[in-house]
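The next block holds one structure in the form of structure tokens; read it before the comments.
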Amino acid sequence: MTIEFFEESNAGARTFPRSLVTRAGGFVFVSGQIARDQNGDVISGDIEAHTRQTMKNVARALAVAGEIEVIAYKP
């Protein structure tokens, strides 16, 4: 089985040494995501703002692995 590790492109935003995404055997694993912006700072706001940012981070992580195309979402 081939295992691929994908790292964050912004090394300054990393808080721990880890792979952002790992692909193995047809599965894609995304490491824990929180509401951090691209500079690595936790955003301010309520649970809705944190959830939106976290989901954007998950989408970016999947895009790094080539699994999805990131598109804009407007409620």
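Heads up: the sequence shown at position 52 corresponds to 54 in the working numbering, and the numbers run straight through without jumps. Cβ coordinates follow ideal geometry from the N, Cα and C atoms, glycine included.
Pull up the DSSP beta-bridge partners for Arg54, would you. Sequence index remark: in the sequence shown, residue 54 carries index 52 (1-based). Arg54 pairs with nothing; no bridge assigned.
Cβ neighbour criterion (16 or more within 10 Å) applied to Ala51: Counted from its first residue, the sequence shown places residue 51 at position 49. It is exposed - the Cβ of Ala51 has fewer than 16 other Cβ atoms within 10 Å.
For Glu6 and Ser33, what's the separation of their Cα atoms in angstroms? Looking up residue 6 in the sequence shown gives position 4. Looking up residue 33 in the sequence shown gives position 31. Roughly 14 Å between the two C-alpha positions.
Strand pairing of Val32, partner residues [DSSP]: Working through the sequence shown from its first residue, we reach residue 32 at position 30. Answer is Val23, bridged to Val32.
Per DSSP, which residues does Ile5 bridge with? Please list them. Taking the first residue of the sequence shown as 1, we reach residue 5 at position 3. Paired residues: Ala26.
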